[in-house]
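If you count by the working numbering, then the sequence shown holds residues 1 to 379, one letter each, in order. Take a look at the structure set out below.
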Amino acid sequence: MSEDLIGKEILGQFRFVELMGRGGMGEVYKAEQPAMDRLVAIKLLHSKLAARPDLVSRFRREARAMSRLTHPNTVRVFLYGQLEDTGQLYIVMEYLNGVDLARITRKQGAMEMTRAIRIMIQVLGALEEAHTLGIVHRDLKPENIMLTTQGGIADFPKVLDFGLAKMREENPHPGSVALTQAGMVFGTPEFMSPEQARGETLDPRSDVYSVGVILYEMLTARLPFPRCKPMEYIAHHIQTPPIPISERQPDLNLPKALDHILGKALEKSRDERYQSAREFAEALRTLLPRSAQSTAFRALPAGGVPAPVKPSAPRASAGNAPGAAGRTSGKGLIIGLMCVIVVLLALVAFLLATGKREQAVVVPLNPVESQPRAAPGAP
Ligand SMILES: Nc1ncnc2c1ncn2[C@@H]1O[C@H](COP(=O)(O)OP(=O)(O)OP(=O)(O)O)[C@@H](O)[C@H]1O
Ligand SMILES: [Mg+2]
Numbered sequence: 001m002s003e004d005l006i007g008k009e010i011l012g013q014f015r016f017v018e019l020m021g022r023g024g025m026g027e028v029y030k031a032e033q034p035a036m037d038r039l040v041a042i043k044l045l046h047s048k049l050a051a052r053p054d055l056v057s058r059f060r061r062e063a064r065a066m067s068r069l070t071h072p073n074t075v076r077v078f079l080y081g082q083l084e085d086t087g088q089l090y091i092v093m094e095y096l097n098g099v100d101l102a103r104i105t106r107k108q109g110a111m112e113m114t115r116a117i118r119i120m121i122q123v124l125g126a127l128e129e130a131h132t133l134g135i136v137h138r139d140l141k142p143e144n145i146m147l148t149t150q151g152g153i154a155d156f157p158k159v160l161d162f163g164l165a166k167m168r169e170e171n172p173h174p175g176s177v178a179l180t181q182a183g184m185v186f187g188t189p190e191f192m193s194p195e196q197a198r199g200e201t202l203d204p205r206s207d208v209y210s211v212g213v214i215l216y217e218m219l220t221a222r223l224p225f226p227r228c229k230p231m232e233y234i235a236h237h238i239q240t241p242p243i244p245i246s247e248r249q250p251d252l253n254l255p256k257a258l259d260h261i262l263g264k265a266l267e268k269s270r271d272e273r274y275q276s277a278r279e280f281a282e283a284l285r286t287l288l289p290r291s292a293q294s295t296a297f298r299a300l301p302a303g304g305v306p307a308p309v310k311p312s313a314p315r316a317s318a319g320n321a322p323g324a325a326g327r328t329s330g331k332g333l334i335i336g337l338m339c340v341i342v343v344l345l346a347l348v349a350f351l352l353a354t355g356k357r358e359q360a361v362v363v364p365l366n367p368v369e370s371q372p373r374a375a376p377g378a379p
């Protein structure tokens, strides 16, 4: 099937180039879109998923929600729907030239702390936006975080597969067959939260836990529980206290403060954890050297970050004006004020233009089924 597709065209605008990988739900292809002179990634879900009308409507709901995400650290979804001929569900997204975190840890072992924290603060920024829009990722694992270079910035993570795990989470028809291979209904045992392991309803704090496990693994190249078979991790998440990170790899000399921060992210009870991705990010930021703190902040969601234009600038000039107005003629004051306004407008325009450039990595398509992406700053 995968070989047959190479060179074929779909949706009148994409041509399959190569198979990039297979996951639990389907296959991901690199494809080209000649009209836009760019590459895209197309995820084709297993055809058996399309045979279930309940899953098809769930897919549409999730993909629609996903296409509303605008955070720069979230992969952009251009288009989604169902192929007319085979009925397969598809998602067309931004093609990422990078390496996923799983491969990096496997190849390079434990990652230096400042680097790992800066990466995960950005991931938490992407999650914060999704959580605000009511989307819980549900399947955070190193394979779903890709490290790319964007506009010359290295270690720029992109989070993939938001909400898609909902497709395989619960079985709306008790007694009907499991969707694919054994274990698929459970998600990914090594990174799942205790409440996920118990099959409970999930909220953003479940993602906080999974990020805790991912970061633990990045920093130590080990998981927070004694080595065991993947399915046994489910029991560990529910009942075993995590091994303090400073004890896991003592040679690494990780700071004691990390024990507290990761311990809190990995609390069994979600009420005891960081209550939001933002809160977790704030705690992690305290571990960064001062020089790295401001740059890490850039990737938090736009809605939660102070506006880029300093409010003090206009206030300062307005404050000067009345004093001056009392002593000078009206004409001189008006000319002076106009100069200040022109300079400020130019500054604001410059800041907006540079801010947009950072986000507008790829121009969206004319969506067939997906919602157009909200402009940055739109509600
Ligand atoms: N937008 C993309 N750009 C480039 N490569 C991608 C993109 N999306 C996925 N991939 C790659 O395609 C491969 C398969 O991804 P897929 O999501 O199907 O598998 P997975 O993440 O291992 O499992 P799961 O189905 O649980 O998410 C992975 O190696 C992934 O890095
Ligand atoms: Mg994936």
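Glycine residues also receive a C-beta, built at the ideal position from the N, C-alpha and C atoms. All of these numbers come straight from a predicted model, not from anything done at the bench.
Across the structure, residue 249 and residue 80 are spaced so that their CA atoms are roughly 44 Å apart. Looking at 292, 209, 238 and 227, the one whose alpha-carbon comes closest to that of residue 277 is 209. Cβ-Cβ distances below 7 Å link residue 117 to 284, 287 and 288 in the same chain, with the five nearest sequence neighbours on each side left out; the list follows chain order. One residue list follows from the rule of a beta carbon closer than 7 Å to any heavy atom of ligand 2, given in chain order as 23, 143, 144, 160 and 161. The residues 65, 162 and 163, in chain order, have a CB closer than 6 Å to that of residue 135 in the same chain once the five nearest residues on each side in sequence are set aside.
Taking the Cβ atoms as the reference, residue 155 lies roughly 7 Å from residue 115, within the contact range of under 8 Å. Across the structure, residue 19 and residue 30 are spaced so that their CA atoms are roughly 6 Å apart. By the Cβ rule, the stretch 99 to 108 does not count as touching the stretch 32 to 42, because fewer than three pairs are nearer than 8 Å.
Taking the CA atoms as reference points, residue 203 sits about 11 Å from residue 132. Within the DSSP secondary-structure output, residue 82 pairs in a beta bridge with 89.
It is roughly 21 Å from the alpha-carbon of residue 3 to the alpha-carbon of residue 49. Proximity to residue 11 across 88, 258 and 193 peaks at 88, based on C-alpha coordinates. Within the DSSP secondary-structure output, residue 33 pairs in a beta bridge with 38. Relative to ligand 1, the nearest heavy atom lies less than 7 Å away from the CB of residue 95.
The residue from 195, 194 and 120 with its alpha-carbon nearest to that of residue 282 is 120. Not one heavy atom of ligand 1 is found less than 7 Å from the C-beta of residue 63.
Non-local beta-carbon contacts of residue 100 in its own chain, meaning distances under 7 Å to residues more than five positions away in sequence, involve 142, 143, 145 and 146 in chain order.
Its chain contains 16 as the residues whose beta carbon lies nearer than 6 Å to that of residue 8, once the 5 sequence neighbours on both sides are disregarded; these appear in chain order. In this structure, the C-beta of residue 43 approaches ligand 1 to less than 7 Å from one of its heavy atoms. If the five residues before and after residue 222 are omitted, its C-beta is found closer than 6 Å to the C-beta atoms of 248, all from its own chain and listed in chain order. With fewer than 16 other Cβ atoms from the protein chains shown falling within 10 Å of its own Cβ, residue 51 counts as exposed.
For residue 108, the enclosing alpha helix (DSSP H) starts and ends at 101 to 108. Annotation: the continuous alpha helix (DSSP H) that includes residue 239 extends over 232 to 239. Within the DSSP bridge table, the entry for residue 146 names 100 and 158 as partners. When beta bridges are read from the DSSP output, residue 22 appears opposite 27. Taken from the Cβ of residue 100, at least one heavy atom of ligand 1 lies inside 7 Å. Residue 64 carries a helical assignment under DSSP once its states are collapsed to helix, strand and coil.
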